[in-house]
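Numbering (this note's numbering), first residue to last: 83 to 240. Glycine included, each C-beta is placed from N, C-alpha and C at the ideal position. Heads up, the thing below is written out as structure tokens.
Here's what the structure looks like:
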């Protein structure tokens with residue numbers, strides 16, 4: 083019932099405070115619903131990054147609007163948690179984290195032992211966030227899919 087009411091609240095700048103209050107709910111469904119909103123304050127985004135629900139955190143990490151408000155310390159804390167789902171989401175959305183040194187984040191992720199994380203860096207590369215040096219390193223990756231995708235990205239860059 084409450085989720086239906088929340089669904090009626092327009093996702094506009096003026097409702098950031100309402101979303102902030104709702105993000106503190108004990109109900110994980112409400113927090114998940116809020117995590118899909120575009121108009122969240124920086125404080126709400128950082129609160130939801132610490133949520134126990136992987137879905138909530140992943141929604142924040144994959145949101146363009148939220149990504150622009152995530153600072154490097156928060157992103158590095160998530161990376162240190164070594165949650166492969168979150169790391170893959172970060173890799174796939176690396177361009178969104180404009181407050182971070184994304185080259186540094188890319189270097190860290192390019193050395194991760196999980197193939198999905200490394201593949202996320204090369205599969206979704208749309209800018210220079212992942213440097214050519216990192217792409218060259220991944221072009222000889224032990225995983226054939228990562229290496230193939232990296233070689234294709236290298237050829238696109240030339």
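| Item | Value |
| --- | --- |
| Enclosing alpha helix (DSSP H) for residue 232 [first to last residue] | 226-239 |
| Same chain, Cβ closer than 8 Å to residue 217, five either side skipped, listed in chain order | 204, 207, 232, 235, 236 and 239 |
| Alpha-carbon to alpha-carbon, residue 92 and residue 130 | 19 Å |
| Candidates 113, 107, 163 and 177, of which the one nearest residue 147 by Cα | 177 |
| Any alpha helix (DSSP H) of 4 or more consecutive residues that is wholly inside the region 89-144 | 98-104, 110-117, 124-131 and 136-144 |
| Rounded straight-line distance, which links the Cα of residue 156 to that of residue 137 | 17 Å |
| Residue 241 and residue 214 closer than 8 Å at C-beta | Residue 241 lies beyond the range of the chain shown here (83 to 240); nothing can be said about it. |
| Between the CA atoms of residue 222 and residue 152 - distance to the nearest angstrom | 32 Å |
| Of the residues 211, 197 and 210, the one placed nearest residue 228, counting alpha carbons only | 197 |
| Rounded straight-line distance, which links the Cα of residue 154 to that of residue 180 | 9 Å |
| Under the three-state DSSP convention, the category residue 194 falls into | coil |
| Local conformation of residue 175 per DSSP, three classes | coil |
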